[in-house]
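For what it's worth, the numbering used here labels the leading residue of the sequence shown as 18, then goes sequentially.
Just so you know, even glycine gets a beta-carbon here, dropped at the ideal spot from N, CA and C.
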Amino acid sequence: MAITRLPLIAGNWKMNGVKKHANKLAGSLAKRFRNQKKQKFEMLICPPAPLIGPVVEAVRGTGIAVGSQDCHFENAGAYTGEMSAELLKSMECKYVILGHSERRTLNKETDAVILNKATTAHKVGLRTIICIGETLKQREAGRTKSVNRKQLINSLPHQATAKNTVIAYEPVWAIGTGKVASPDQAQDMHQMIRAELYKLVGPAEADEMRIVYGGSMNPINARELLALPDVDGGLIGGASLIVKDFWSIGQAV
Ligand code: PGA
């Protein structure tokens, strides 16, 4: 059967933007997305949590998806400041990013926590983007593959399918640094991840599961990265805050 992975161009706004950006940024993307002739890629915006509602309204009816940057592993309870997957689903979120390296480092999130969150998210019908990636120190020590393999095996739920899961390979040394993985480095890792997915979810799901690249992707390097056989889109931080840049990355698909 032919493989049909629709590239995913996902913007992770991180802790950037105030209310007016929801209309301005999301609104202009909505206009461009609506006007394009053929949908060559799926577009996703993950704003800070309080902007989810306004962004959902700004992109309504365009086909642009909205996602969260995190969720809790419980559906409700005494967890001040947290938000449940169920709540996000009710706010019309389609996706949730889990295990971003900033959360792994700053919030001490372990693979086990990410696995729990992903399991809960899948139960309520959210799609997960599970992030993995090595630090510079780990790469220099020759541990790139083992580190990524371990994160993937331990954070991916057993019930993961190509429909409910996207893997994001984000080398930590490339995030927000302007240092992007070379096409060879990216393809090498994406190929390894897909080979690992063959064992974890079976060949049929592994062939259809999208593996996106993240880390200093911009309109200049996007074309080369997105053309790689196992790179099925991008998770974009900095460049997703500039309409022109984010849109150009989509056009590079
Ligand atoms: P960057 O961030 O594009 O700013 O490097 C990517 C990410 O953290 O997802």
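In the DSSP assignment, the beta strand (DSSP E) including Asn29 goes from what residue to what residue? Leu25 to Asn29
Could you tell me the distance, in whole angstroms, from the CA atom of Lys167 to the CA atom of Arg121? 14 Å
Of all the beta strand (DSSP E) runs that stay within the bounds of the region 178-235, which reach a length of 3 or more residues? 182-186 and 227-231
Using the C-alpha atoms, what's the distance from Met108 back to Ile210? 32 Å
For Ala95, report the span of its alpha helix (DSSP H) as first-last. No alpha helix (DSSP H) contains Ala95, which DSSP labels as neither H nor E.
On a Cα-Cα basis, can you pick out the residue from Pro188, Lys111 and Gly251 that is closest to Glu119? Pro188
Using 8 Å for Cβ pairs, my map puts Gly228 next to Ile184. What's the rounded Cβ distance? The residue asked about is misnamed: residue 228 is Ile in this sequence, not Gly. Going by Cβ atoms, the distance from Ile228 to Ile184 rounds to 5 Å, so yes, they are a contact pair.
Along the alpha helix (DSSP H) that carries Arg144, what are the first and last residues, could you check? Per DSSP, Arg144 belongs to no alpha helix (DSSP H); it is in the beta strand (DSSP E), Arg144 to Ile149.
Count the other CB atoms, across all protein chains shown, that sit within 10 Å of the CB of Met60; report buried if there are 16 or more and exposed otherwise. buried
Are three or more beta carbon pairs between the region 190-200 and the region 231-244 nearer than 8 Å? yes
Between Asp201 and Asn171, is the Cβ-Cβ spacing less than 8 Å? no
State the CB to CB distance for the pair Glu222 and Thr21, rounded to an integer number of angstroms; the pair is presumed to be in contact (CB under 8 Å). Incorrect: roughly 13 Å between the Cβ atoms, too far for contact.
Just the Cα atoms here: how many angstroms apart are Val164 and Ala158? 11 Å
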